[in-house]
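Chemist: Residue numbers (the working numbering), protein chains in the order written: chain A, 5 to 381; chain B, 21 to 132.
In this text, a Cβ means the ideal position worked out from N, Cα and C, and glycines have one as well.
In this text, all values refer to a predicted model and were calculated from it rather than measured experimentally.
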C-alpha cells in the first residue's frame, strides 16, 4: 500500500534514507559512526554559526573577540568549548568510520569510498583553518609551518605560498580568508555527504561478514533509528564530560598567548588529530619528500579498492590480516605520540621506523591476503 | 626412497596447513562453506545465477543463518561447524566455466 511518506516527492527522499531503507540485520556498532558524523557536523555548524555572530576575523581583534565570547556572550563559553571539543569528536568518529571501512572491505563501494576520502580531506582543511581563527601562538605558527609546506612545489612553490597568504607572511589577509573558507567548507561537506549517501544507497550497507545480505534485510526505522539514538546519547555524554569537566585537556596552553610573529614557540605542533601525519611529515629529511609522504598518508586510502585482490570481502575471515590491521592501528597511535615529541633522539628514529611500518601495511596486506587464499584453496 | 617421499610430505604439509588456515578463518563457525563467502564479482554473480535451484536454496539458507548468528554475536554449536573435509566447492565448476567464457569472448573481441 502506497503511503504518503513513500509517494510525496520531497518526503520520500527522507523516507528512503531514514525509514524504509533496507538495512542488513547484523550491522554492528561500527556502523554507528556514519550517523554520529552527521550529528558532529550538525553540532559544529550550529555552534559555529552562533560563534560567527560574535567573532571578528581581524588580527587586532580576533583574540579579544574570542575572550569576549568566553566572558560576555550569553553561553558563549559553552558554544566555544563545544565547538573546539566537537572538532575532536568529529575526528574520533572519522577515524573509527574509516577504520571500519578498511577492516570490513566497505571500500569496494568505490564511489562511496572516494567521496568519503573527499569528505576526510575537506574536514581536515576546515579543522586546520578553524584552529587559526583564535589567533593564538599555536594558531599563527601552525598556520605558518603548514602553509610553508606549499613552497616545496617545484618552480611555483613560493608564488603559491604568497598567493595563499595574500601577502609575504601569515597576516590579516590570511586570517580573513581562512575565516571565509572555514565558514563555507561545512556546507560543501554537507553537499558531499549527500553525494556519499546517494552512492551508499545504490548498493545498501556492507555488513561484518562481507556477504551479500539481500536475503535478510530489516527497515532502518525503528531498528537503526533507535540504535543510532543510543549512539548519539553515548557520544553526547562523552562530549558533555569533556566539555564541562576538562575542556582544555586536548588543547595547547600556547594558544592562550596572543599570536606573536616575533616569538616562535619551542614546540610547534598541531592538534592531536593531525599528529600522526605530522610525524610522517617530519620523518622524511627532505621537504618535498615530507610533503609527499604527508599527502600519501591519507591518499593511500584510495589505493585500497584498486589493490583488492582477495577472494573474500573484508578481514573477518583472515586472522593474519586482522593482526596486521591492529598493528597498523597501533602504529598510528605511536606516530600520534611521536608527533607531539621534539625532533630529537630517539624520537626521530622511532618516527622513521613507524612511518615505514605504516606504509608497509598497505603493501604487505594484499600479499598476505593472496597467500591465505592460496592456503585455503 | 627419500626423493620420492618428498612430494608426498609436501602435499601432506599443504593439506595440514590448509586445514589449519580453513579452521582459523572462522567462516565455518557460522556453518558457511568457502564458496558461500566469495566476494561477488561479476564472474561470481553469473556463476551463482547458473546454479541449480537446490544449490541456491541451500546457499541462501546458510547465508541467512550466518547473518542471523552474526547479528546475535554467536557461533553455531561446535558440532554444526562446517568441517574442512565436508566443504564442497559447489560453485567452482560454474565459476571456471564463466571465466573461460569471458576470456574467450575477450580474445574474440581483441581480434575484431
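Between residue 19(A) and residue 237(A), what straight-line distance do the alpha-carbon atoms span, to the nearest angstrom?
Modeler: 23 Å
Chemist: Can you round the beta-carbon distance between residue 32(A) and residue 212(A) to whole angstroms, since I take them to be within the 8 Å contact cut?
Modeler: 6 Å
Chemist: Once DSSP output is grouped into helix, strand and coil, what is the label at residue 21(B)?
Modeler: Because residue 21(B) carries a pLDDT of 49, less than 50, the predicted location of this residue cannot be relied on, and no value is offered for it.
Chemist: Kindly give me the distance between the Cβ atoms of residue 379(A) and residue 41(B), rounded to whole angstroms, as I take these residues to be in contact under 8 Å.
Modeler: 4 Å
Chemist: If the criterion is Cβ atoms closer than 7 Å, does the pair residue 345(A) and residue 26(A) meet it?
Modeler: Their beta carbons are not under 7 Å apart, which means residue 345(A) does not touch residue 26(A) by this criterion.
Chemist: Suppose contacts are defined by Cβ-Cβ distances below 7 Å. Is residue 437(A) in contact with residue 151(A) by that definition?
Modeler: Since the first residue shown for chain A is 5 and the last is 381, residue 437(A) is missing from the structure and cannot be characterised.
Chemist: Going by the C-beta, is residue 99(A) closer than 6 Å to any heavy atom of the ligand HEM?
Modeler: The ligand content of the structure shown is nil, which means the ligand HEM is not present either.
Chemist: Sorted by chain position, which residues of the same chain lie with C-beta nearer than 6 Å to residue 273(A)'s C-beta, five sequence neighbours on each side aside?
Modeler: Once the five neighbours on either side are set aside, the close Cβ partners of residue 273(A) are 344.
Chemist: Taking 7 Å as the threshold (beta carbon to beta carbon), is residue 59(B) in contact with chain A?
Modeler: yes
Chemist: Interface residues of chain B around residue 219(A) at Cβ under 7 Å?
Modeler: Residues of chain B whose Cβ lies closer than 7 Å to the Cβ of residue 219(A) are, in chain order, 80, 83, 84.
Chemist: Let's test the definition: count the other Cβ atoms within 10 Å of the Cβ of residue 61(A) and tell me whether it reaches 16, buried, or not, exposed.
Modeler: buried
Chemist: Go ahead and label residue 122(B) buried or exposed: buried means 16 or more other beta carbons lie within 10 angstroms of its beta carbon, across all protein chains shown.
Modeler: It counts as exposed.
Chemist: Return the first residue and the last residue of the beta strand (DSSP E) that residue 297(A) is part of.
Modeler: Taken as a continuous stretch (DSSP letters only), residue 297(A) belongs to no beta strand (DSSP E), being part of the alpha helix (DSSP H) at 291-303.
Chemist: Which first and last residues belong to the beta strand (DSSP E) in which residue 223(A) is found?
Modeler: 221-223
Chemist: Once DSSP output is grouped into helix, strand and coil, what is the label at residue 316(A)?
Modeler: In the three-state scheme derived from DSSP, where H, G and I count as helix and E and B as strand, residue 316(A) is classed as strand.
Chemist: Do residue 67(B) and residue 114(B) have their C-beta atoms within less than 7 Å of each other?
Modeler: yes
Chemist: To the nearest angstrom, how far is the alpha carbon of residue 250(A) from that of residue 40(A)?
Modeler: Taking the straight line from one Cα to the other gives about 22 Å.
Chemist: Helix, strand or coil: how does DSSP classify residue 262(A) here?
Modeler: strand
Chemist: Determine the burial state of residue 83(B): buried for a count of at least 16 other Cβ atoms within 10 Å of its Cβ, exposed for fewer.
Modeler: buried
Chemist: Reducing DSSP to helix, strand and coil, say where residue 71(B) ends up.
Modeler: coil
Chemist: If you measure beta-carbon to beta-carbon, which residues of the stretch 13-46 of chain A are closer than 9 Å to chain B?
Modeler: Of all residues in the stretch 13-46 of chain A, 28, 29, 30, 31, 32 have a Cβ within less than 9 Å of some Cβ in chain B.
Chemist: Residue 52(A) by DSSP, collapsed to three states: which one?
Modeler: helix
Chemist: If the criterion is Cβ atoms closer than 7 Å, does the pair residue 155(A) and residue 161(A) meet it?
Modeler: yes
Chemist: DSSP three-state call for residue 334(A): helix, strand or coil?
Modeler: helix
Chemist: Leaving out the 5 sequence neighbours to the left and right, which residues in its chain are closer than 7 Å to residue 75(B) when beta-carbon positions are compared?
Modeler: 110
Chemist: Touch check for the stretch 5-19 of chain A and the stretch 62-80 of chain A: three-plus C-beta pairs under 8 Å?
Modeler: no
Chemist: Looking at C-alpha atoms only, which residue of 47(A), 374(A), 124(A) is the closest neighbour of residue 89(A)?
Modeler: 47(A)
Chemist: If you check the beta carbons only, do residue 340(A) and residue 361(A) fall under 7 Å apart?
Modeler: no
Chemist: Using a Cβ-Cβ distance under 7 Å, would residue 67(B) count as near chain A?
Modeler: no
Chemist: Among the candidates 24(A), 286(A), 208(A), 120(A), whose CA atom is the shortest distance from the CA of residue 354(A)?
Modeler: 286(A)
Chemist: Within the continuous alpha helix (DSSP H) that includes residue 6(A), where are the two ends?
Modeler: Per DSSP, residue 6(A) lies in no alpha helix (DSSP H) and is assigned neither H nor E.
Chemist: Pull up the distance between the alpha-carbon of residue 204(A) and that of residue 113(A), whole angstroms please.
Modeler: 7 Å
Chemist: What residue range does the beta strand (DSSP E) around residue 27(A) cover?
Modeler: Boundaries of the beta strand (DSSP E) harbouring residue 27(A): 26-28, taken from the DSSP string.
Chemist: Where does residue 58(B) sit, in a helix, a strand or coil, going by DSSP?
Modeler: strand
Chemist: Give every residue of the same chain whose Cβ lies closer than 6 Å to the Cβ of residue 215(A), excluding the five residues on either side of it in the sequence, and list them in chain order.
Modeler: Listed in chain order, the non-local C-beta contacts of residue 215(A) below 6 Å within the same chain number zero, local neighbours out to five positions each way being set aside.
Chemist: Among 132(B), 96(B), 61(B), which one has its Cα closest to the Cα of residue 119(B)?
Modeler: 61(B)
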